[in-house]
Every structure is written in structure tokens, then in C-alpha cells.
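These notes concern the structure reproduced below.
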Amino acid sequence: MAWLKAVKEQTLSVSFQEFQLDPTILSGVKAVGYTTPTPIQQQAIPSIMEGKDVLGLAQTGTGKTAAFALPILHNLVRNPGSRKIRVLIVSPTRELAEQIHQACIGFAKDTRIKSIAIYGGVSKLPQFKGLRRCPEIVVACPGRLLDLVGDKAIDLSGLEVLVLDEADTMCDMGFLPDVRRILNLVPSSRQTLLFSATMPEDIRKLTKNILKDPVTVQVDTIAPAKTVSHALYPVPDALKRGLLLAILEQTPTGRTLVFTRTKHRTKRLALDLLNHKYRVASLQGNLSQNRRQQSMDGFRDGKFDILVATDIASHGIDVPEVSHVINFDMPDTADAYTHRIGRTGRALQTGEAFTLAVPEDRPMVRVVERVLNAKIERRRLPGFNYGNFNPEAQFPQDRPMQPQRDGVQPGSNNGTRRPAGPGQATRRAAPAPARRSSAGAPTSAGGGRPNFGQRPTGGYRRPA
Ligand code: AMP
């Protein structure tokens with residue numbers, strides 16, 4: 004695990020002080036509890052401070068928000084400017100926009116810099132009001148931003164820095180035309196930062212057009228975080244629900260995210276889990292912004308142990324200590340797999356990714372394995388009645404499947420090893436599935452921040 008090793012080796016020598024950030028920003032960093040910059044932060048912060056354009060190839064969970072927010076804030080503090088909007092950060096989803104906005108507020112707490120989040124699905128009035136306070140930073144989703152430009156509530160003529168975050172997701176969600184419209188509204192003499200987990204052709208073209216002599220910063224290869232181990236559970240569609248329940252029953256898990264293909268399947272599965280007394284919430288596009296926020300806050304605060312979500316709704320989920328991501332349905336693309344898995348193993352924690360795969364998923368499994376550059380370990384869940392279905396016959400690989408032994412949880416790396424390679428299961432002794440007390444959120448050092456290199460604490464089960 005080159006990433007983790009690199010950070011451990013540099014822990015002694017690299018700290019946020021070395022960037023010579025303004026003391027007001029450094030105190031914000033201290034207040035949010037960061038001590039060691041992540042690799043993307045180490046690479047990106049100096050170039051952004053110098054005013055260079057940056058292409059950041061980094062997935063969610065690498066610390067990319069601070070990688071661009073800290074140097075931007077530093078430059079704003081050091082170079083006081085007009086009362087116009089000076090920084091625009093464009094994000095594909097409301098959740099991500101809110102998360103970036105909150106991060107900016109945290110880092111800027113000892114400055115006079117103001118930030119506002121702009122997204123649809125909520126009333127425009129508070130946003131009009133907020134804009135009248137002349138915030139230097141606007142974090143916005145493309146649709147509502149253009150809406151407010153049409154209302155003449157936003158003037159981007161004084162913009163100094165444009166950030167396009169999760170550019171590949173914006174492309175997936177059909178926002179590229181909106182992004183192009185936004186590009187026509189901002190001055191051409193500006194600093195541009197573009198972050199993307201993957202580089203589809205459309206984004207490659209966009210970067211060529213809008214970045215001037217960019218510095219490319221990349222964290223590892225474009226693949227799911229290596230702090231995550233992966234396992235495949237072959238199963239026919241009709242048995243998926245039963246298998247998921249059995250997996251949850253047998254596996255000591257912390258916070259768990261379950262992904263399905265459609266809003267309807269998300270809703271139904273969440274209800275099923277609720278009927279089995281799990282503390283579960285759902286996150287899908289049919290929910291109001293309020294309900295989405297409740298689901299996410301409840302998941303973050305430990306009120307819910309399981310969040311069932313669709314891909315689109317999941318963007319921007321920022322919850323420390325997600326121990327398991329379970330693909331109830333195989334994602335449609337390798338990029339979606341990367342994004343889903345980016346919710347666990349964040350900022351150097353370790354996590355496990357389980358995929359329930361039907362025989363038709365075979366081509367996608369091959370694509371994902373190519374991205375991972377490793378075979379995903381196949382598993383048969385011991386004691387589960389597969390009927391006539393033979394899991395071993397579905398996704399053949401060089402070596403036989405590893406049965407999950409009682410008392411041993413296969414496939415987990417402890418933060419110091421690579422994920423299981425071809426046919427190889429990494430093993431650790433598993434704690435007995437623990438029951439969560441009613442007070443119940445798993446504890447975390449550093450005020451809810453991830454513990455560098457440590458496994459999420461404790462397991463949970465249904466409430467007693
Ligand atoms: P991001 O990739 O920006 O979504 O960040 C992922 C998670 O890592 C967030 O919960 C951040 O608060 C956390 N994080 C980012 N940078 C650091 C750091 N240097 N030290 C500790 N946690 C961090």
C-alpha cells in the first residue's frame with residue numbers, strides 16, 4: 004500500500020506548517036483536527052498557492068477538498084480583493100456542495116471570509132439573502148447557479164478562481180452543457196482547478212480547453228483506494244435479499260452503505276431491512292432535500308447503522324468510518340464502482356467492499372478487475388442456502404473460492420497490506436458481532452475525524 008506507506012514515512016517530516024499557510028488558515032486546519040497532509044494535499048497545495056492551474060486526479064476520500072480549499076483561502080486572505088464573488092466551486096450534487104461549503108467555513112473560521120452553498124431543491128430566498136452578504140466563495144451545483152445568474156442575483160465577472168470538482172460525475176450526470184455555459188460567464192484570466200477521479204474522453208477534452216499549462220497532481224492510479232479490500236458474492240437475483248441479510252448477520256460491520264440500481268429498489272430494500280429491525284435510512288432522488296439531509300445526518304451521527312442509496316444520491320456522502328460498502332446491485336460502470344467504494348477506506352482508514360453479483364454481471368466484473376488490477380476474491384457465504392445455484396461455477400478464477408470460516412473474517416487488510424490479490428484472501432481474526440448500545444455511535448478519535456491508519460472501531464448489530 005504505497006499511499007499509506009508514503010504518508011507514514013512522511014508523518015515525521017511533513018506537516019501543514021511547511022506550506023507556510025497564513026496563520027489564520029493554519030488555526031482552522033488545527034481546529035478541524037488535521038495534523039498530517041494527505042498525499043493529494045502535499046502535491047496540490049504549493050502549486051495552487053502559487054496561482055497555477057491544477058488538474059487533480061483524485062477520488063473522493065483522498066482529502067481533495069482541503070487540497071484546494073486551503074491554498075484558495077490562503078490566497079484570499081493574503082490578497083484582499085473586490086466585494087464580488089472571487090471563488091466559484093462547482094459541484095455535481097447538493098450533498099457535495101454542502102460538504103465543501105462546510106469545510107470552507109471550518110478552515111476559514113478565524114478569517115472574515117464568507118462562503119455560501121447554492122443548490123436546487125430548496126427555496127431561493129435564503130440564497131438571495133446570503134448572496135447579498137457578498138460572500139467571497141460560492142459553492143454551487145450547475146442548475147441553480149445558472150438559475151440565479153438568470154435572476155441577476157449572481158455576478159461572476161470578478162471571479163479569480165474556478166474549481167470544477169468531481170468533473171467526471173458532472174459529465175455522468177449530464178451537466179457538461181451547463182458547465183460550458185458557466186465557463187462563458189467567468190473571466191478568462193482566472194486560475195482553474197479541475198478534480199476528477201477518472202478521465203473519460205469528454206473530461207480530457209475539457210481539461211485541454213480550460214486549463215492553462217496545468218500542474219497535474221495524481222494520487223496513485225485511478226482505482227479504488229487501496230485501503231479497501233474487495234469480495235464478490237455470486238448469487239441469483241432472487242436470493243440477493245436473503246444473502247444480504249445473512250451477510251449482515253455474520254459480518255462484524257461498522258457503518259455500512261448499501262447500493263442498489265434504482266430508486267425503487269433502494270426504497271424497498273431499506274424497508275426490508277427496517278422490518279428486520281436494522282437501524283436503516285435510505286437516500287434516493289425521490290426524497291426531498293430535507294429527508295435526504297435527515298438520512299445523511301442520522302447516518303453520520305450514528306442514529307442509523309445502514310444507509311441504502313442509489314449512485315446519484317450517494318455523491319457527496321461524507322461520513323467518517325464507513326466500514327463496509329455493499330453493492331446489492333453491480334454498478335453500471337467501473338467509475339461508479341470507484342465512486343461507491345470511495346465511501347469506505349477514506350483518508351487512510353481501511354474498509355471492505357462486497358459485491359453481490361448475478362451471472363449477467365460477468366463482463367462488468369472483468370472491467371472492475373481490470374481497473375483494480377487484481378482479481379476480486381470470490382466468496383460463498385457459509386451456511387447460506389443457495390438452492391440449485393452453484394456460486395463457484397459463475398465467476399471462475401484460477402484458484403478455488405475461499406470459504407468464510409467461522410470466527411475469521413476474510414478479505415480485510417489491516418491498513419498495512421494490499422487488498423487480496425489473485426485468489427488470495429487476506430485474513431484477520433474477527434470480533435464477535437457486537438451489539439450496539441442504544442447510545443450507540445461508534446467512537447472516533449479526533450472529534451469524528453478519521454483515524455489515520457486505524458480500523459474503524461467496534462462492530463454493531465441490530466439494537467437489542
Ligand atoms: P475528501 O476527499 O476531501 O472528501 O476528504 C475525505 C475525508 O478525509 C473527510 O472526512 C476529511 O475531513 C478527511 N480529511 C481530509 N484531509 C485530512 C487530513 N489531512 N487529516 C485527516 N483527515 C482528513
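Sequential numbering of the sequence shown, starting at 4, is according to the working numbering. The beta carbon of each residue, even a glycine, is placed where N, CA and C say it ideally should be. It should be emphasised that the depicted structure is a prediction, and the values quoted were computed from it without experimental measurement.
Query	Result
Nearest candidate by alpha-carbon position, reference Leu246, set Glu101, Gln46, Arg383	Arg383
Local Cβ density within 10 Å of Thr219, reported as buried at 16 or more and exposed below that	exposed
Contact check, Thr68 vs Ile103, beta carbons under 8 Å	yes
Buried versus exposed, by CB contacts within 10 Å (16 or more), Thr265	exposed
Pick from Gln130, Val141, Arg81 that is closest to Cys107, judged by C-alpha positions	Val141
Gly257: CB within 7 Å of a non-hydrogen atom of ligand 3	For ligand 3, the structure offers nothing, since it holds only ligand 1.
Val189 versus Leu148, Glu101, Lys208, residue with shortest Cα-Cα distance	Leu148
Spatially closest choice to Pro42 from Lys215, Ser18, Glu98, Leu162, by CA coordinates	Ser18
Status (buried if at least 16 other CB within 10 Å, exposed otherwise) for His267	exposed
Pick from Ala156, Ser94, Met367 that is closest to Asp338, judged by C-alpha positions	Met367
Beta-carbon spacing of Val182, Pro394 below 8 Å	no
Stretch-stretch touch, CB-based, cutoff 8 Å, three pairs: the stretch 190-199 with the stretch 32-42	no
Glu139 (DSSP reduced to helix, strand or coil)	coil
Residues near Asp171 by beta carbon distance below 8 Å, same chain, minus five either side	Ser199, Ala200, Thr201, Met202, Pro203, Ile206, Asp338
Alpha helix (DSSP H) runs contained entirely in the stretch 32-57, provided each spans 4 or more residues	42-52
N-terminal and C-terminal residue of the beta strand (DSSP E) that Ser232 is part of	231-237
Endpoints, beta strand (DSSP E) assigned at Ser126	It is not in any beta strand (DSSP E) - Ser126 carries neither H nor E in the DSSP assignment.
Cβ pair Ser326, Gly345 closer than 8 Å	no
With 16 other Cβ atoms within 10 Å as the buried cut-off, status of Asn187	exposed
Euclidean distance between Cα positions of Pro26 and Asp175	39 Å
Coarse secondary structure for Gln221, derived from DSSP in three states	strand
When Tyr389, Arg343, Ala100, Leu151 are compared against Lys132, the one with the closest alpha-carbon	Leu151
Cβ-heavy atom distance, Pro74 to ligand 1, below 7 Å	no
Span of the alpha helix (DSSP H), counted from its first residue to its last, around Gln105	97-110
Cβ of Glu363 within 8 Å of any chain B Cβ	Here chain B cannot be found, since the structure has a single protein chain.
Whole-angstrom distance between Asp154 and Leu351, CA atom to CA atom	Unreliable placement is indicated for Leu351, whose pLDDT of 48 sits below 50; no coordinate value is reported for it.
N- and C-terminal bounds of the beta strand (DSSP E) containing Glu372	From DSSP, Glu372 is part of no beta strand (DSSP E) but of the alpha helix (DSSP H) over 365-375.
Nearest neighbour of Val328, chosen from Pro255, Asp304, Val361 [CA to CA]	Pro255
Between the CA atoms of Val90 and Leu128 - distance to the nearest angstrom	21 Å
Beta carbon of Ser94 nearer than 8 Å to that of Asp158	no
Reference Arg258; option with closest CA among Leu375, Ile75, Ala356	Ala356
Beta-carbon gap between Ile28 and Val164 smaller than 8 Å	no
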